[in-house]
Amino acid sequence: MQGFKKAFAEQLRLALPSQEVTLERPKDYQKGDLAFPCFKASQSLGMSPQSLASLLASKIKIKDATIEATGPYVNLRLLESVRSRETLASTLGNYPLPPQEKKNATILVEYSSPNIAKLFTIGHVRSTMLGHALANIYAQEGYEVVRLNHLGDWGTQFGTLLAAYELWAKDSNPELEKNFPWAAEYSSESTTPLHRLLQLYIRFHAEEEKNVSLREDARAWFKKLENQDPDARRLWKKFRDLSLIEFNRIYERLGVTFDSLEYGEAFYEDQIPGVLNALDSKGLLKEGENGSKVVDLSEEGFDIPCLIQKGDGTSIYASRDLAAALFRKSKWNYERCLYVAGSEQNFHFQQVFAILSKIDPWFKNKQTHVPFGLIKLPEGKMSTRKGNVIFLEDVLNEARDRIQKIISAKNPELSNQAATSEMLGTGAVIFINAFNDRNTSITFDWNKVLAFEGDTGPYVQYAHARICSIFRRAGGSWSQWAEPRSEDFGRLHFESIELPKSLQGLDHASAQHLIFELNGLEPALKASAISLSPTSLARQLLTISKAFSVFYNDSPILNVEQSEAIRQSRLLLCLATARVINQGLRWLGIFAPTEM
Ligand code: ARG
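Sequential numbering from 5 applies to the sequence shown in this note's numbering.
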């Protein structure tokens with residue numbers, strides 16, 4: 005396909021020397037494989053896009069393809085046999101796709117960043133999985149990607165926690181004072197040390213409403229922590245260690261990784277003076293109320309200045325973000341840093357980015373906040389302070405258990421039901437996030453999210469499993485393609501395969517449509533990179549799965565009455581489809597079962 009793209013673009017450039025040539029994919033495969041929209045070029049030439057399209061179509065000739073004008077578009081359509089061969093050759097010869105040519109630029113993707121001692125809530129799954137997908141996508145696009153987690157392991161909430169612990173838990177909760185080897189074993193169904201910490205946090209906020217002096221306690225504890233008080237530090241470290249055990253278990257379950265978990269907010273604690281200096285030397289640091297320090301941003305259009313240091317000298321969220329940016333600049337000299345965090349933090353990031361550009365023009369346009377809407381369960385919104393939070397782990401467990409029920413009704417013979425239910429349940433939760441535009445809020449409807457039919461992860465996973473079952477039935481050397489590699493469960497063998505001299509039985513509409521859609525994976529990946537959202541990728545995987553289903557229903561594959569050549573060609577198309585789906589799901593962070 006690349007060869008045709010190049011040839012088509014070259015001829016268009018020759019015909020339109022001073023114009024920019026960008027090619028699209030027609031929406032309807034019957035129109036062709038590539039399209040050149042004539043709107044822009046025709047405008048500067050003073051003619052209608054329709055007449056320019058016809059003119060270009062009559063001039064351009066490319067072997068093995070027809071060139072036609074359809075309204076304002078010039079379309080290139082490959083001969084069926086060529087489309088089949090091109091697509092299968094690239095998918096079966098070269099998968100998983102090697103990353104694009106190295107870009108020699110580093111992109112930092114900061115995602116997940118849960119707050120310690122507040123557990124991993126369902127809200128964090130969106131940041132986690134969006135960030136994970138974006139990191140995969142940019143790595144595929146040839147960037148050097150650094151995966152960062154700006155753990156919320158510092159800040160006034162620790163003051164709250166320490167004060168609450170001191171008040172109510174010190175004596176009653178001796179386990180917290182011991183070592184925590186058993187903490188790794190707990191499951192979220194039981195009360196974990198972390199749940200108990202959360203209870204403390206919630207209780208504190210409830211009691212604080214009646215007794216405002218508690219707020220002072222919390223503030224004093226945070227100050228102690230920042231002043232290196234050994235008791236405060238020891239407890240803080242314990243809370244952090246406990247939280248990390250919990251978070252790591254969840255990351256493992258989701259298959260999500262980071263380059264380091266070291267760079268949380270606490271990491272920047274001793275770099276705050278550097279931030280204050282940088283601001284001061286530019287004359288940006290102003291006295292705020294009650295002895296606090298602020299940066300005035302009225303020139304940038306903000307009515308409220310940005311608080312940098314509190315009156316009692318303690319640091320704040322924004323100052324730690326400034327420190328992080330300065331650190332990241334010197335460590336990675338990045339081209340772009342993506343902050344995947346909820347849209348309720350828009351204002352915070354706007355202020356932080358504005359200050360960075362004031363400190364050093366290097367930062368201009370290098371930081372991007374990638375916001376997203378809320379996830380809601382039918383029960384309503386959540387807030388850690390009030391205690392009606394929804395834990396991610398409970399959601400994953402619920403998804404898994406519900407899938408397990410569906411499987412035991414549909415396919416009770418299935419071996420490995422536990423692992424499959426986990427893949428489908430987790431896959432469904434991840435997919436619904438990717439599928440929805442990232443700015444919209446999602447309300448979970450279990451039946452819709454987990455359905456095997458519909459716009460769901462399990463539907464795409466089902467297409468994959470179905471193909472694997474075709475290979476098992478095909479027998480012989482075909483069955484090897486349905487075996488996941490043990491070291492990387494859910495991933496098939498991707499060795500390259502040589503195509504037979506002639507491909508047969510692929511010229512009909514459903515096969516051609518499927519082939520056309522397989523070619524849509526890479527453009528969808530690009531679109532996802534540009535829009536900073538895996539939505540195009542998720543939607544293309546659904547489109548491919550639907551096209552596969554139509555092909556499967558109207559094209560006998562293993563039917564003995566057919567010629568061996570047809571059987572082989574169709575099996576190869578199945579294999580290409582499985583690889584594309586497997587790869588695409590991988591980018592989203594979803595495992596593909598071989599049976600379900
Ligand atoms: N810990 C924050 C939260 O859970 C998200 C951090 C976002 N990243 C940042 N650099 N401020 O809400």
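For each residue, glycine too, the CB sits at the ideal point set by N, CA and C.
These figures come from a predicted structure and were not determined experimentally.
For residue j and residue i, the rounded distance between their alpha carbons
i: Thr444; j: Leu541; result: 17 Å
i: Val453; j: Ile436; result: 7 Å
i: Trp186; j: Leu248; result: Caution applies to Trp186, whose pLDDT of 34 falls short of 50 and renders its modelled position unreliable; the value that the coordinates give is listed next. If you take the alpha carbons of Trp186 and Leu248, they lie about 14 Å apart.
i: Gly287; j: Thr372; result: 26 Å
i: Lys241; j: Leu101; result: 43 Å
i: Gly429; j: Leu400; result: 7 Å
i: Phe353; j: Ser296; result: 20 Å
i: Asn337; j: Val149; result: 12 Å
i: His512; j: Ile446; result: 39 Å
i: Val216; j: Trp225; result: 15 Å
i: Lys65; j: Ile71; result: 7 Å
i: Gly480; j: Glu565; result: 18 Å
i: Leu503; j: Arg89; result: 8 Å
i: Arg151; j: Leu246; result: 22 Å
i: Phe4; j: Tyr556; result: What is shown of the chain runs 5 to 600, which leaves residue 4 out entirely.
i: Ala188; j: Asn252; result: Low confidence applies to Ala188: its pLDDT is 36, below 50, so where it sits in the model is not reliable enough to give any reading.
i: Ala139; j: Glu568; result: 43 Å
i: Leu2; j: Leu92; result: No information on residue 2 is available, as it lies outside the stretch 5 to 600 that the chain covers here.
i: Thr160; j: Arg223; result: 7 Å
i: Pro41; j: Ile534; result: 20 Å
i: Ser22; j: Ser48; result: 10 Å
i: Ala69; j: Ser573; result: 22 Å
i: Cys310; j: Phe351; result: 10 Å
i: Leu378; j: Gln516; result: 39 Å
Cut-off 7 Å between Cβ atoms - residues of its own chain near residue i, not counting five sequence neighbours on either side
i: Leu545; result: Val464, Ile585, Gly588 and Leu589
i: Tyr466; result: Phe456 and Met600
i: Phe552; result: Ala467, Leu518 and Thr581
i: Tyr169; result: Leu204 and Leu239
i: Ala270; result: Asp157 and Trp158
i: Ala596; result: Gln465, His468, Gly494, Ile585, Asn586 and Leu589
i: His128; result: Ser116, Pro118 and Leu396
i: Leu579; result: Leu96 and Trp485
Contacts around residue i, its chain only, beta-carbon distance under 8 Å, and the 5 residues preceding and following it disregarded
i: Arg29; result: Asp37, Leu38, Ala39, Asn523, Gly524 and Pro527
i: Lys227; result: Gly163, Asp316, Gly317 and Thr318
i: Asp233; result: none
i: Thr547; result: Glu521 and Gly524
i: Ser361; result: Phe367 and Lys368
Candidates the options, of which the one nearest residue i by Cα
i: Phe262; options: Ala11, Pro41 and Asn153; result: Asn153
i: Ala173; options: Met133, Val150 and His199; result: His199
i: Ile343; options: Ser567, Met133, Lys63 and Gln6; result: Just to set this straight, residue 343 is Tyr in the shown sequence, not Ile. It is Met133.
i: Phe357; options: Leu381, Arg324, Phe162 and Trp336; result: Arg324
i: Ala143; options: Leu112, Phe124, Ala57 and Pro118; result: Leu112
i: Met427; options: Gly593, Leu18 and Asp398; result: Gly593
i: Arg442; options: Gln355, Asp364, Ser537 and Ser285; result: Ser537
i: Asn451; options: Arg406, Asn420 and Ser131; result: Arg406
i: Gln408; options: Asp558, Thr95, Thr424 and Gln6; result: Thr424
Classification of residue i by the beta-carbon crowding that lies within 10 angstroms, buried from 16 upward
i: Leu221; result: The amino acid at residue 221 is misidentified as Leu; the sequence shows Asp. Buried: at least 16 other Cβ atoms inside 10 Å.
i: Ser506; result: exposed
i: Gln34; result: exposed
i: Glu14; result: exposed
i: Arg477; result: exposed
i: Thr26; result: exposed
i: Asn108; result: exposed
i: Glu24; result: exposed
i: Gly50; result: exposed
i: Lys314; result: buried
i: Leu396; result: buried
i: Ile254; result: buried
i: Ser483; result: exposed
i: Arg17; result: exposed
Own chain residues within Cβ distance below 6 Å of residue i, not counting five before or after
i: Glu230; result: Thr318
i: Leu59; result: none
i: Lys289; result: Strictly speaking, residue 289 in this sequence is Leu, with Lys absent from that position. Cβ neighbours of Leu289 beyond the five flanking positions: Leu283 and Lys297.
i: Gly292; result: Val298
i: Ala531; result: Ser540
Exercise. Let me know the alpha helix (DSSP H) ranges lying completely inside the stretch 453–521, each 4 residues or longer, listed in chain order.
Key: You should have 461–478.
Quiz item: Unbroken alpha helix (DSSP H) runs of length 4 or more, entirely within the stretch 508–594: which are they?
Solution: DSSP runs (the alpha helix (DSSP H)) wholly in the stretch 508–594: 513–522, 525–535, 539–558 and 568–592.
Quiz item: Could you give the uninterrupted runs of the alpha helix (DSSP H) lying entirely in the stretch 253–292, keeping only those of 4 residues or more?
Solution: Taking only runs of at least 4 residues, the alpha helix (DSSP H) segments lying wholly in the stretch 253–292 are 276–285.
Exercise. Counting only runs of 3+ residues fully inside the stretch 17–43, write out the beta strand (DSSP E) ranges in chain order.
Key: Listed in chain order, the complete beta strand (DSSP E) runs (minimum 3 residues) inside the stretch 17–43 are 38–41.
Practice problem: Write down every uninterrupted run of the beta strand (DSSP E) in the stretch 83–143 whose length is 3 residues or greater and which is fully enclosed by it, in chain order. | Solution: Taking 3 residues as the shortest admissible run, the stretch 83–143 contains the following complete beta strand (DSSP E) segments, listed from N- to C-terminal end: 110–114.
Quiz prompt | Within the stretch 215–257, ranges of the alpha helix (DSSP H) (whole runs, at least 4 residues) | solution = Counting whole runs of 4 or more residues, the stretch 215–257 contains the alpha helix (DSSP H) stretches 217–230.
Quiz item: Can you give, in chain order, each stretch of the beta strand (DSSP E) that sits fully within the stretch 314–385 and has at least 3 residues?
Solution: You should have 340–344 and 371–374.
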